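First comes the structure, then the notes that go with it.
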Amino acid sequence: MSTLSDSHINSSTFVLTGVPGLEVYSLWLAIPFSSIYAMVFLGNCMILHVIRTEPSLHQPMFYFLAMLAFTDLCMGLSTVHTVLGVLWGFMQKISLDFCIAQSYFIHGLSLMESSVLLAMAFDRYIAICNPLRYSSILTNDKIMKIGVAILCRSFSLISPAIIRLKFLSYCRPHVLSHSFCLHQDLLRLACSDIRFNSIYALFLVIMNLLLDAVLIIISYIMILHTVLAIASQEERMKSLQTCVSHICAVLVFYIPIIGLTMVHRFGKHLSPLVHVLMGNVYILFPPLMNPIIYSIKTQQIRRRVQRLFSLDKQSKS
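So the sequence shown is residues 504 to 820, counted in our numbering.
Set out below in structure tokens:
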């Protein structure tokens, strides 16, 4: 009876991995990771607060930025308990159901971020290539519909692959590569037929991430074509300046996700430390950097943030 019980427990729990080779320094590593998560939460909450409270920012561009900040905030919330739990030493294992749920949110939010970046590229295309119709095309009603479509697209498309994880058998050692759950990591531990998940995951990458990236590139080619037709160099620079923040956000999102995909597909010979590093960069780098990018590069956000901090200083004094 005890053997059956142990087998059942082993089949439904997974061991989370901290930083391989640096386990004795976990408590020290927890300090910078806690600081990063604090910056993720404060930075994205600040962006959302500024957009909500500043009437001049109630424009399509900033509504899409609020969607991006909300997505990044949720990404942080979906992983903070396991990442810090492992580093602080009060969480070593995770149940299969909890692991699948976390995987659902991580991958769904990744698809959502890609969709939001595509919507932001569309916003910049309309603003620069068709400025006279900008306000009539991107009305509040249409932005709300775009937001709902992004949400439905992201979490409905990822569902079949994630639900299928529940019905796989996991007979290999239940040690995850990260301190959070990823779809590809669970597949690595499965001894069932995983062809559906592998093919469907490839389909998602091609039809979502790759397609979104191609459409973003096409939008910027059209933007560049329009900008180069402007006679005044000053006007050209002014138009391009409005795209700098978005281009940085696109790079910050796609470079880590491409890196992690390459590591999982072709980096089986690499050190586990590389896998852990790339996984944490994929999870934390975009949510950390996006508020910094938009606070520095977007003039309206920068001014409002400066005003916010100056008011805080005045109230303290």
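Here a beta-carbon is modelled for each residue, glycine too, at the ideal position from N, C-alpha and C.
Given the structure is predicted, the values throughout are model-derived calculations rather than measurements.
Count the other C-beta atoms from every protein chain shown that fall within 10 angstroms of the C-beta of residue i, then say buried if there are 16 or more, exposed otherwise.
i: residue 576; result: buried
i: residue 607; result: buried
i: residue 626; result: buried
i: residue 698; result: exposed
i: residue 706; result: exposed
i: residue 520; result: buried
i: residue 517; result: buried
i: residue 676; result: exposed
i: residue 638; result: exposed
i: residue 643; result: exposed
i: residue 823; result: Since the first residue of the chain shown is 504 and the last is 820, residue 823 is not available in this structure.
i: residue 613; result: buried
i: residue 761; result: exposed
i: residue 723; result: buried
i: residue 650; result: buried
i: residue 773; result: exposed
Measure the C-alpha to C-alpha separation of residue i and residue j and round it to an integer number of angstroms.
i: residue 798; j: residue 574; result: 17 Å
i: residue 717; j: residue 620; result: 12 Å
i: residue 702; j: residue 764; result: 15 Å
i: residue 636; j: residue 685; result: 42 Å
i: residue 563; j: residue 811; result: 22 Å
i: residue 737; j: residue 728; result: 16 Å
i: residue 586; j: residue 656; result: 28 Å
i: residue 689; j: residue 710; result: 22 Å
i: residue 813; j: residue 541; result: 21 Å
i: residue 735; j: residue 796; result: 27 Å
i: residue 721; j: residue 752; result: 17 Å
i: residue 584; j: residue 534; result: 14 Å
i: residue 674; j: residue 530; result: 32 Å
i: residue 746; j: residue 719; result: 12 Å
i: residue 715; j: residue 759; result: 16 Å
i: residue 513; j: residue 597; result: For residue 513, the pLDDT reaches just 40, beneath the cut-off of 50, and the residue's location in the model is therefore unreliable, although a value from the coordinates is still provided. Approximately 11 Å, taken between the alpha carbons.
i: residue 602; j: residue 692; result: 13 Å
i: residue 802; j: residue 792; result: 17 Å
i: residue 507; j: residue 771; result: Residue placement at residue 507 is flagged as unreliable, the pLDDT there being 37, under the threshold of 50; a coordinate-derived value is accordingly withheld.
i: residue 641; j: residue 604; result: 34 Å
Is residue i near the ligand ATP, judged by its Cβ being under 7 Å from some heavy atom?
i: residue 813; result: Of the ligands one can find in the structure shown there are none, so the ligand ATP has no counterpart to examine.
Leaving out five residues before and five after residue i in sequence, what residues of the same chain have Cβ atoms less than 7 Å from its Cβ?
i: residue 725; result: 628, 632
i: residue 547; result: 572, 575, 576, 790, 794
i: residue 667; result: 699, 700
Per DSSP, residue i forms a beta bridge with which residues?
i: residue 516; result: 598
i: residue 777; result: Answer is none; residue 777 lacks a bridge partner.
i: residue 678; result: 518
How about residue i and residue j: are their beta carbons less than 8 Å apart?
i: residue 804; j: residue 543; result: no
i: residue 658; j: residue 588; result: no
i: residue 669; j: residue 748; result: no
i: residue 524; j: residue 776; result: yes
i: residue 664; j: residue 704; result: yes
i: residue 599; j: residue 536; result: no
i: residue 782; j: residue 662; result: no
i: residue 755; j: residue 788; result: yes
i: residue 779; j: residue 522; result: yes
Ignore the nearest five residues each way along the sequence and tell me which others in residue i's own chain have a CB closer than 6 Å to its CB.
i: residue 672; result: 694, 695
i: residue 807; result: 553, 557
i: residue 565; result: 554
i: residue 646; result: 563, 566
i: residue 550; result: 572, 794
i: residue 784; result: 759
When you compare the CB of residue i with every CB in chain C, is at least one pair closer than 8 Å?
i: residue 758; result: The structure shown contains no chain C; it holds only a single protein chain.
Residues in the same chain with beta-carbon distance under 8 Å from residue i, minus the five sequence neighbours each way, listed in chain order, please.
i: residue 609; result: 578, 581, 582, 683, 684, 685, 786
i: residue 730; result: 631, 739, 742, 743
i: residue 653; result: 570, 615, 618, 619, 622
i: residue 532; result: 521, 522, 525, 590
i: residue 769; result: none
i: residue 592; result: 529, 530
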